[in-house]
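Participant:
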Amino acid sequence: MFDAILLFREALYGTLVIALACSVLGVYVVLRRIVFVGAALAQLSSAGIALALWLSGQGMILWLADRPIALALLLTLAGVVFFASGSSRGRIPPDATIGVTYAVAAAVGILLIAKAAHGEAHDIFLQGNILGITRADTLILLATAIPVLLAHALFYKEFLFVSFDRETARTLGFNVDFWNLFLYLTLGLVIAFAMQFAGVMLVFNFLVLPAVTGLLVSRSMGGTFMWSIISALVAAVIGFSVSVPLDLPSGPAIIAVSGVLAVVAFLIRLLQRR
Amino acid sequence: MTQLVSFENATLGYGRRVVLSDLTFSIPEGDFLGIVGPNGAGKTTILRAILKTLRPLAGIVRHAPNLRYGYVPQRDQVDYSFPLKVVDVVMMGRYDRIGLGRRPGESDRDAARASLAHVGIADLADHPLNALSGGQKQRTLIARALVGKPNVLILDEPTNGMDLVATTQILSLVRELHERDGLTVLMVSHALNEVANYVERIALVMNGGFRIGTVDEIMSSSVLSDMYRIPVDVDSVNGHRIVVARRNPDGDDIAHDGRRPVPHTHAAASETAVPGHEVDV
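Top to bottom, those sequences are chains A and B. Mapping of the first sequence onto our numbering: position 179 corresponds to residue 190, and the numbering continues sequentially without gaps. Mapping of the second sequence onto our numbering: position 103 corresponds to residue 89, and the numbering continues sequentially without gaps.
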């Protein structure tokens, strides 16, 4: 088992970077009740990858075949601006707008992949393939995650205030729209890069389940971040370690472990109340 | 007396939608003003203009230099799912002083604890915010507003959803802060019967109209009947003013202009045997 893990250690390192970045941002995603914004952004990112592959398959903008992240980033950041500016449009409630974005982006992604050259082979971009993560990929992920995490460490106070009580933050002179957009941008960046390797389902898992585990275990913001990170990293290591020797898909295995950890956290919470 | 905020023929609204027009009034230092009206009348719009988060569509809103507000939002604007301690929430009132990218220090923590003691809940400093009662949460938000050493304390519907005991305690605390600390206080509420017995001046906002004056000036049958557009009586029970709408013999309340008034749902804090029924403002 250990040999098998060693064989894919670069993939594990990359997965741990994704788990770390998503689990930090996930605390805001869960507390701000924008879980489905995260899902919609992940789908937009996958639609961007599909669009890049379709365009290059049609002989247009050939370099996109090697760098589908360009269109993934473009669509995700467009989504970020849209959602950060308040996705409610007239009589349409915000969650309906998010639902429309999610459904259309998912369908468009599948349709484009179906018509892209070697479409079946490219399905992997939508579903993710963490075992295929290389050292170069991990370095790209680190180059995204480190600035994002530094920004979150540096501007924790600002992100917390505008998330917790935006009206009061505004009266104290905080540029709430700017900080909201900044927060969403960090989310969009991490999702767009993580999506290439981990796929929609695993990215969504890392954004939600570890944060839920953290909130169940801890009663402070610091503790919530800590347990969110720990549970994401533990789920990644255990899921990876179990899936490789047993020849199971790694993404679902990691998600299953995340689910078990969330249930354990729930039981701990129940015991604490007694 | 120094005027802290002055509205000069100000028209307020959002985009092309005018909410209130031609407002002219001032808020002097040391004032204790209740801004009262039904939901949607424009109270929050006035509040936003005072807080400088809304620019007037026309006219001028002047603010005294170095004015610092302590803002207490409506309780439901705050997200209680955040796992925050009471003292951490109060420290937020000093975030603008701490500087970009810096964390609160020991002096901020001490100031937050002092502010909690000031509003009578020093012992709750390390409790989780979401474990507090409605009245304790409101005291926490007031402590947060005070920790920044404001010139003006602004409270938006501070007693919304509270029972009679908590309402009385919060309003008494606010009055005490005004009298003891000389703090200028603006309190927005839809409940005239509650506010009228605590503040010194009242601004009535309703039906597109605006009237401001001392409590004695506003709490008169003629002024209130004119504003509500239904016959209204002002009674006194044990020194407390109670506003009641006059009931017609056939049971319907008809406006002066013959229209039925829009029914309101609020039940005021004071339950009395005064004939007629209370008016929701």
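Idealized CB from N, CA, C, for every residue including glycine. As the structure is a prediction and not an experimental result, all values here were calculated from the model.
With a threshold of 6 Å on Cβ separation, who are the neighbours of S101 of chain B within its own chain once the five nearest residues in sequence on each side are excluded?
Facilitator: Answer for S101 of chain B: V76, A129, L132, V133, listed in chain order.
Participant: Residue range of the beta strand (DSSP E) that S(-8) of chain B falls in?
Facilitator: That run of the beta strand (DSSP E) goes -11 to 0.
Participant: Could you list the residues in the region 176 to 204 of chain A with a C-beta less than 9 Å from some C-beta on chain B, going in chain order?
Facilitator: So the list reads D176, R177, E178, T179, A180, R181, T182, L183, G184, F185, given in the order they occur along the chain.
Participant: Could you check where the alpha helix (DSSP H) with P263 of chain A kicks off and where it finishes?
Facilitator: Note, P263 of chain A: alpha helix (DSSP H), 261 to 284.
Participant: Can you tell me the Cβ-Cβ gap for L244 of chain A and L27 of chain A, rounded? I've got them flagged as a contact below 8 Å.
Facilitator: Right, their Cβ atoms sit about 6 Å apart.
Participant: Can we say the region 87 to 107 of chain B touches the region 184 to 195 of chain A, given the rule of at least three CB pairs closer than 8 Å?
Facilitator: Not touching, per the Cβ criterion.
Participant: Per the contact definition of three or more C-beta pairs closer than 8 Å, is the region 116 to 130 of chain A in contact with the region 51 to 60 of chain A?
Facilitator: Output reads yes: the region 116 to 130 of chain A touches the region 51 to 60 of chain A.
Participant: Using a Cβ-Cβ cutoff of less than 7 Å, which residues in the same chain neighbour Q124 of chain B once the five nearest sequence positions on both sides are dropped?
Facilitator: R61, P144, I156.
Participant: Suppose the cutoff is 8 Å on Cβ atoms and the five residues either side in sequence are ignored; what does the same chain contact list for I279 of chain A look like?
Facilitator: So the list reads L227, V228, once near-sequence residues are dropped.
Participant: I'd like to know whether the C-beta atoms of F(-7) of chain B and V47 of chain B end up nearer to each other than 8 Å.
Facilitator: Closer than 8 Å, so yes.
Participant: What residues from the region 106 to 134 of chain B come within 7 Å of chain A, judged by C-beta to C-beta, listed N to C?
Facilitator: The residues in question are P114.
Participant: Look at F93 of chain A and M78 of chain B and say whether their C-beta atoms are less than 8 Å apart.
Facilitator: Going by C-beta atoms, F93 of chain A is not nearer than 8 Å to M78 of chain B.
Participant: Using only the alpha-carbon positions, how far apart do D188 of chain A and D221 of chain B sit?
Facilitator: Each residue's Cα considered, the two are about 48 Å apart.
Participant: Could you tell me which chain A residues have their CB closer than 9 Å to the CB of T39 of chain B, listed as they occur along the chain?
Facilitator: Chain A residues near T39 of chain B: E178, R181, T182.
Participant: Residues of chain B with CB closer than 7 Å to the CB of L88 of chain A, please, in chain order.
Facilitator: Near L88 of chain A there are no residues of chain B at all, since even the closest Cβ is about 24 Å away, more than 7 Å.
Participant: Using a cut-off of 8 Å between C-beta atoms, extract the partners of G147 of chain B located in chain A.
Facilitator: Within chain A, no residue comes near G147 of chain B; the closest Cβ sits about 17 Å away, beyond 8 Å.
Participant: Taking T182 of chain A as the reference, which of B:H226, B:N(-5), B:G(-1), B:R54 has the closest Cα?
Facilitator: The option with the nearest alpha carbon to T182 of chain A is B:R54.
Participant: Rounded to whole angstroms, what's the CA-CA distance from S208 of chain B to M148 of chain B? Just pull it up for me.
Facilitator: Computed Cα separation, rounded: 30 Å.
Participant: Please list the terminal residues of the continuous alpha helix (DSSP H) segment that includes P105 of chain A.
Facilitator: It spans 105 to 126 - the alpha helix (DSSP H) in which P105 of chain A sits, taken as one unbroken run.
Participant: Which chain A residues are close to L6 of chain B, counting only those with a beta carbon under 7 Å from its beta carbon?
Facilitator: Within 7 Å Cβ-Cβ: nothing; L6 of chain B doesn't reach chain A, min ~20 Å.
Participant: When the Cα atoms are used, what is the spatial distance from N137 of chain B to G110 of chain A?
Facilitator: Their backbone Cα atoms lie some 45 Å apart in a straight line.
Participant: Sorted by chain position, which residues of the same chain lie with C-beta nearer than 7 Å to L43 of chain B's C-beta, five sequence neighbours on each side aside?
Facilitator: Taken in chain order, the residues that qualify are T(-3), L(-2), G(-1), V4.
Participant: Run through chain B and tell me which residues come within less than 8 Å of S269 of chain A, C-beta to C-beta.
Facilitator: Per Cβ cutoff of 8 Å: no residues; S269 of chain A is ~20 Å from chain B at best.
Participant: Helix or strand or just coil, what does DSSP make of V255 of chain A?
Facilitator: Residue state, collapsed to three classes: helix.
Participant: I need the DSSP call for G199 of chain B, collapsed to helix, strand or coil.
Facilitator: DSSP places G199 of chain B in strand when its eight states are reduced to three.
Participant: Just verifying my parser: in three-state terms, what is the DSSP assignment at T30 of chain B?
Facilitator: Helix, per DSSP.
Participant: Helix, strand or coil for S57 of chain B per DSSP?
Facilitator: One point to set straight first is that residue 57 of chain B is Tyr, not Ser, in the sequence displayed. Strand.
Participant: Measuring only between beta-carbons, confirm whether S229 of chain A sits less than 8 Å from chain D.
Facilitator: Protein chains in the displayed structure are A and B, and chain D is not among them.
Participant: So which residues of chain A does M78 of chain B contact, with C-beta pairs closer than 9 Å?
Facilitator: Those within 9 Å of M78 of chain B in chain A are K168, L171, F172, F175, D176, T179, A180, L183.
Participant: Taking the continuous beta strand (DSSP E) assigned at V64 of chain B, which residues delimit it?
Facilitator: Premise fails: V64 of chain B is in no beta strand (DSSP E) and is neither H nor E.
Participant: Give a yes or no on contact between the region 15 to 33 of chain B and the region 182 to 190 of chain B, applying the rule of three or more CB pairs nearer than 8 Å.
Facilitator: They touch, by the three-pair rule.
Participant: For the region 183 to 247 of chain A, list the alpha helix (DSSP H) runs that are entirely contained and at least 4 residues long, ordered along the chain.
Facilitator: If we require 4 residues or more, the alpha helix (DSSP H) runs fully inside the region 183 to 247 of chain A come out as 187 to 228.
Participant: Mind checking W74 of chain A: buried by the 16 CB within 10 Å criterion, or exposed?
Facilitator: Classification of W74 of chain A: exposed, given that the 10 Å Cβ count is below 16.
Participant: Where does the unbroken beta strand (DSSP E) through F18 of chain B begin, and where does it stop?
Facilitator: Residues 18 to 22.
Participant: Under 7 Å between beta-carbons, which chain B residues line up against T235 of chain A? List them in chain order, please.
Facilitator: Those are P69, listed as they occur along chain B.
Participant: Measure the beta-carbon distance from V73 of chain B to D112 of chain B and round it to whole angstroms, keeping in mind my assumption that it falls under 8 Å.
Facilitator: 6 Å between Cβ atoms; contact.
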